[in-house]
Amino acid sequence: MKLNWKRSCRRLLCILVAPTIAMQQAYALPARNNANDRFASVRELIRAKLADGSAPSIAVAVAQHSKIILEEGFGWADKEKKIPATENTMYSLASVSKPFTATGLMTLVQAGKIDLDKPIDDYLGEAKLKGWAGDARQATVRRVANHSSGLPLHAQFFVRNGPYPVPSDDDTIRHYGNIVTVPGQHFQYSNIAYGILGFVLSRVSGQTYTDFMREAVFRKLGLTHSSINIAPGLEAFAAVRYDEKGKPIPLYDSDHPGACAVYSSAHDLIRFGMFHLKDHLADQVAILSDASIDEMHRSTMNTGTARTNNGNGYGVGWGVGDNRADGYHVLTHGGGMAGVSTELILVPSEDLAVAVLINARDNDSAYPVANAILKVLLPKWQMPVRPEPVRTPFRPDATLLGTWNGTLHTYQGEVPAELTVLPSSEPQVKLGKGLTSLLNQVQFQNGELTGQAWGDLGIDDARHRQAYTLSFDLSLRGGVMSGPVSATSVAGDVVNRGSLTQWLELRKQ
Numbered sequence: 129m130k131l132n133w134k135r136s137c138r139r140l141l142c143i144l145v146a147p148t149i150a151m152q153q154a155y156a157l158p159a160r161n162n163a164n165d166r167f168a169s170v171r172e173l174i175r176a177k178l179a180d181g182s183a184p185s186i187a188v189a190v191a192q193h194s195k196i197i198l199e200e201g202f203g204w205a206d207k208e209k210k211i212p213a214t215e216n217t218m219y220s221l222a223s224v225s226k227p228f229t230a231t232g233l234m235t236l237v238q239a240g241k242i243d244l245d246k247p248i249d250d251y252l253g254e255a256k257l258k259g260w261a262g263d264a265r266q267a268t269v270r271r272v273a274n275h276s277s278g279l280p281l282h283a284q285f286f287v288r289n290g291p292y293p294v295p296s297d298d299d300t301i302r303h304y305g306n307i308v309t310v311p312g313q314h315f316q317y318s319n320i321a322y323g324i325l326g327f328v329l330s331r332v333s334g335q336t337y338t339d340f341m342r343e344a345v346f347r348k349l350g351l352t353h354s355s356i357n358i359a360p361g362l363e364a365f366a367a368v369r370y371d372e373k374g375k376p377i378p379l380y381d382s383d384h385p386g387a388c389a390v391y392s393s394a395h396d397l398i399r400f401g402m403f404h405l406k407d408h409l410a411d412q413v414a415i416l417s418d419a420s421i422d423e424m425h426r427s428t429m430n431t432g433t434a435r436t437n438n439g440n441g442y443g444v445g446w447g448v449g450d451n452r453a454d455g456y457h458v459l460t461h462g463g464g465m466a467g468v469s470t471e472l473i474l475v476p477s478e479d480l481a482v483a484v485l486i487n488a489r490d491n492d493s494a495y496p497v498a499n500a501i502l503k504v505l506l507p508k509w510q511m512p513v514r515p516e517p518v519r520t521p522f523r524p525d526a527t528l529l530g531t532w533n534g535t536l537h538t539y540q541g542e543v544p545a546e547l548t549v550l551p552s553s554e555p556q557v558k559l560g561k562g563l564t565s566l567l568n569q570v571q572f573q574n575g576e577l578t579g580q581a582w583g584d585l586g587i588d589d590a591r592h593r594q595a596y597t598l599s600f601d602l603s604l605r606g607g608v609m610s611g612p613v614s615a616t617s618v619a620g621d622v623v624n625r626g627s628l629t630q631w632l633e634l635r636k637q
């Protein structure tokens with residue numbers, strides 16, 4: 129056979145050039161990165177994050193005055209298959225799912241099917257909340273939505289097709305639907321709260337949470353690259369989640385999908401932000417009135433910190449920043465879990481929305497990128513700084529000294545518990561037949577005793593996981609020491625990360 133040198137050279141050139149083109153698409157950043165590009169500094173920040181390995185890919189989108197002015201993907205959505213990220217790449221949103229679930233909730237509120245100020249128990253099935261620290265009937269839908277219901281943080285993940293199945297919604301509520309602070313008194317960010325809200329949407333609508341969100345929110349808002357988890361037919365658009373070492377993370381689920389299960393693209397997420405800015409896009413159905421949107425954005429619970437959700441309040445699915453040093457009123461939500469860092473920030477006075485999506489987690493890496501974009505557009509913008517926690521030496525008073533005995537109440541039974549507080553050493557804690565452990569990082573202020581120790585929470589869900597610590601948050605009232613105890617771990621693979629909370633009661637002997 130005669131060799132066609134011209135054709136062979138052309139093939140060789142394609143072989144050599146194709147990877148280069150892919151690399152340019154993924155890393156070199158587009159040609160419009162020039163002196164006239166006002167986002168040049170943002171592109172440099174993104175380039176640095178891609179180069180240092182903290183992010184396999186970053187997708188950003190910006191909208192202002194009812195127009196998308198930037199939407200772009202950088203890096204690899206899938207490193208193994210060399211698939212570049214684009215504005216249509218679907219990322220796991222983690223907790224940025226909460227504003228979506230809250231939007232679905234408000235459609236049912238607006239339709240008169242749910243009352244924000246009625247007990248959420250009214251919308252549950254046989255499984256109800258347990259009022260350990262207060263009346264569960266005071267855990268209203270609004271308080272569940274603004275993280276003041278008294279429900280704990282909670283996080284529990286399951287590798288897809290792994291050895292442990294995702295429990296039913298009813299079982300999750302039976303096991304972890306514990307009211308651990310008085311409803312309405314304290315802000316406690318809670319994933320199980322939004323998991324329960326997702327369950328309520330399903331019960332009230334008569335659809336699965338997945339189907340309800342697709343029909344009531346995603347389709348009507350024209351979000352074609354958004355779904356609960358990765359919907360069939362959209363697999364090719366999904367970004368792979370990567371761990372801290374740059375390895376792909378297997379697909380995983382949680383027992384609180386309403387809190388974290390949405391996938392969306394930068395293009396769709398910014399359009400969702402535009403809906404909440406009341407931009408009234410022609411191809412979006414007005415699923416909420418402006419009044420309903422305002423109700424979502426109204427702060428009804430003080431978060432107590434300047435950095436939490438970029439502000440100091442929380443409404444229905446949104447962090448609300450009213451007391452910022454730069455004077456801007458801000459609506460925002462961030463997200464972070466294994467292989468995910470996300471941020472959505474709205475500045476209504478400027479009709480401005482910023483979205484950042486990353487398929488890895490590295491110290492809230494989406495947040496600095498979003499702030500860099502906002503700094504370009506709003507010169508007065510200031511990035512809030514998370515204050516360092518103030519720790520004081522542990523000095524127990526007479527009311528605390530002595531031996532306290534009682535019970536750790538778990539969904540699998542009661543576990544004997546003992547806490548010993550001596551004037552000359554750190555407290556010691558013993559649960560069940562486990563070893564006595566020191567309570568470390570102890571603080572005792574205003575009747576509140578907090579600390580961490582090694583131990584066994586006494587439930588199978590915790591035993592399935594690798595080493596974890598127990599976090600104690602106890603209150604001394606009327607001679608009783610009581611409060612939540614959480615098995616908390618952020619180490620190991622995805623199934624070993626999370627927070628599982630039960631209830632402890634002690635009395636001094």
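So for the sequence shown, the working numbering puts the first residue at 129; every next one is plus one. Backbone N, C-alpha and C define an ideal beta-carbon position, used for all residues, glycine too. Owing to the predicted nature of the structure, the values given are computational and were not obtained by experimental measurement.
Subject >> Residue burial classification, G83 (beta-carbon count within 10 angstroms, cutoff 16) >> reply: Since the first residue shown for the chain is 129 and the last is 637, residue 83 is missing from the structure and cannot be characterised.
Closer than 7 Å by C-beta to G443: which residues in its own chain qualify, once you throw out the five before and the five after it? Chain order, please. On the sequence shown, position 315 is the one that residue 443 refers to. Cβ within range, chain order: N274, M424, H425, R426, S427 and T428.
> Just reading off the beta strand (DSSP E) that M511 is part of, what are its end residues?
Replying inline: Here the question's residue 511 lines up with position 383 in the sequence shown. Per DSSP, M511 belongs to no beta strand (DSSP E) and is neither H nor E.
Query raised in the report: Any idea if L559 is buried or exposed, counting beta-carbon neighbours within 10 angstroms, 16 or more meaning buried?
Result: The residue given as residue 559 occupies position 431 in the sequence shown. With 16 or more other Cβ atoms within 10 Å, it is buried.
Extract the residue ranges of the beta strand (DSSP E) inside the segment 540-628, only unbroken runs of 3 or more that lie entirely within it. 541-549, 556-559, 568-573, 576-581, 597-605 and 608-617
* Limits of the beta strand (DSSP E) - the one that T460 falls within -> For this step, residue 460 is matched to residue 332 along the sequence shown. That run of the beta strand (DSSP E) goes V458 to M465.
Handout entry: Residue nearest to K636 in terms of C-alpha spacing, selected from V458, K256 and L528
Key = To locate residue 636, count along the sequence shown from 1; it is residue 508. K636 has its Cα closest to that of L528, out of V458, K256 and L528.
Requested in this report: Compare the Cα-Cα distances from S318 to each of D299, Q284 and G350 and report the closest residue.
Outcome: Residue numbering aside, residue 318 sits at position 190 when the sequence shown is read from its first letter. Ranking the options by Cα distance to S318, first place goes to Q284.
Just list the residues that DSSP pairs K636 with in beta bridges. As a first step, residue 636 is located in the sequence shown; it is residue number 508 there, counting from the start. For K636, which the question treats as bridged, DSSP gives the partners W532.
- Is there contact here, the segment 560-567 with the segment 590-597, by at least three beta-carbon pairs under 8 Å? no
**Message:** Taking the beta carbon of M508 as the centre, do at least 16 other beta carbons fall within 10 Å, making it buried, or is it exposed?
**Reply:** Sequence index remark: in the sequence shown, residue 508 carries index 380 (1-based). Sequence inspection shows Lys at residue 508; the Met mentioned does not correspond to that position. Within a 10 Å sphere around the beta-carbon of K508 sit fewer than 16 other beta-carbons, which makes this residue exposed.
Next item on the list: Please confirm if the segment 477-485 is in contact with the segment 189-203, defined as three or more CB-CB distances below 8 Å between the two stretches.
Entry: Using a Cβ-Cβ distance cut-off of 8 Å, the segment 477-485 and the segment 189-203 are in contact, since at least three pairs of beta carbons, one from each stretch, lie closer than that value.
Which term fits P555, buried or exposed, when burial requires 16 or more other beta carbons within 10 angstroms of its beta carbon?
Counted from its first residue, the sequence shown places residue 555 at position 427. Counting Cβ neighbours within 10 Å, P555 comes out buried, since at least 16 surround it.
**Asked** How many whole angstroms separate the CB atoms of Y495 and E471, which I take to be in contact at a CB cut-off of 8 Å?
**Response** Translated into positions along the sequence shown, residue 495 becomes position 367. Translated into positions along the sequence shown, residue 471 becomes position 343. With 8 Å as the limit, Y495 and E471 qualify as a contact, their Cβ atoms being about 5 Å apart.
I need the straight-line Cα distance from I196 to V504, nearest angstrom please. Numbered from 1 along the sequence shown, position 68 holds the residue referred to as residue 196. Numbered from 1 along the sequence shown, position 376 holds the residue referred to as residue 504. One C-alpha to the other measures close to 16 Å.
* To do: Give every residue of the same chain whose Cβ lies closer than 8 Å to the Cβ of G441, excluding the five residues on either side of it in the sequence, and list them in chain order.
  => The sequence position of residue 441 within the sequence shown is 313, counting from 1. Cβ neighbours of G441 beyond the five flanking positions: S427, T428, M429, N430, T431, G447, V448, G449 and D450.
#### Entry: Reduced DSSP secondary structure (H/G/I, E/B, other) of K348
The residue given as residue 348 occupies position 220 in the sequence shown. K348 falls in the coil class under three-state DSSP.
Open item on the list: I need the DSSP call for Y155, collapsed to helix, strand or coil.
Closed with: Taking the first residue of the sequence shown as position 1, residue 155 is located at position 27. Because the pLDDT at Y155 is just 42, under 50, the model does not fix this residue reliably, and the value given afterwards should be weighed accordingly. Of the three classes helix, strand and coil, the one that applies to Y155 here is helix, per DSSP.
Next on the checklist: Rounded to whole angstroms, what is the Cα-Cα separation between K210 and G350?
Outcome noted: The residue you call residue 210 lines up with position 82 of the sequence shown. The residue you call residue 350 lines up with position 222 of the sequence shown. Taking the straight line joining both Cα atoms gives about 29 Å.
**Message:** Spatial neighbours of N216 within its chain, please: C-beta separation below 7 Å, excluding the five flanking residues on both sides.
**Reply:** By 1-based counting over the sequence shown, the position of residue 216 is 88. Once the five neighbours on either side are set aside, the close Cβ partners of N216 are H353, F365, S393 and H395.
Using a Cβ-Cβ cutoff of less than 7 Å, which residues in the same chain neighbour A359 once the five nearest sequence positions on both sides are dropped?
Here the question's residue 359 lines up with position 231 in the sequence shown. Nothing listed; no residue qualifies.
Assuming Y380 and I356 make a contact with CB atoms under 8 Å, what is their CB distance in whole Å?
Looking up residue 380 in the sequence shown gives position 252. Looking up residue 356 in the sequence shown gives position 228. Contact doesn't hold; Cβ gap of about 14 Å is too wide.
Residues bridged to P212 [DSSP beta-bridge criterion]: Counting from one through the sequence shown, the residue named residue 212 turns up at place 84. Answer by DSSP bridge pairing, in chain order: W204.
Which first and last residues belong to the alpha helix (DSSP H) in which F403 is found? Locating residue 403 in the sequence shown gives position 275, counting from the first residue. Taken as a continuous stretch (DSSP letters only), the alpha helix (DSSP H) holding F403 covers A394 to H404.
query = Mind checking K375: buried by the 16 CB within 10 Å criterion, or exposed?
reply = On the sequence shown, position 247 is the one that residue 375 refers to. Label assigned to K375: exposed.
Counting C-beta neighbours from all protein chains within 10 Å, is the total for P311 16 or more, i.e. buried, or is it exposed?
Start at 1 with the first residue of the sequence shown, and residue 311 comes out as number 183. P311 is buried by the Cβ-count criterion.
Beta-bridge partners of D165, as assigned by DSSP: Along the sequence shown, one-based indexing puts residue 165 at 37. Bridge partners of D165: none, in fact.
Inset, instruction - Would you tell me roughly how many angstroms separate the C-alpha atoms of A261 and L577, rounded to the nearest one? - result: As a working mapping, residue 261 is identified with position 133 in the sequence shown. As a working mapping, residue 577 is identified with position 449 in the sequence shown. Their backbone Cα atoms lie some 16 Å apart in a straight line.
Span of the beta strand (DSSP E) around G447: Translated into positions along the sequence shown, residue 447 becomes position 319. Where G447 is concerned, the enclosing beta strand (DSSP E) stretches over G447 to G449.
| message | Taking only three categories from DSSP, how would you classify P184? | response | As a first step, residue 184 is located in the sequence shown; it is residue number 56 there, counting from the start. Residue state, collapsed to three classes: coil.
**Message:** DSSP three-state label for V328, please.
**Reply:** Within the sequence shown, the letter at position 200 stands for residue 328. V328 falls in the helix class under three-state DSSP.
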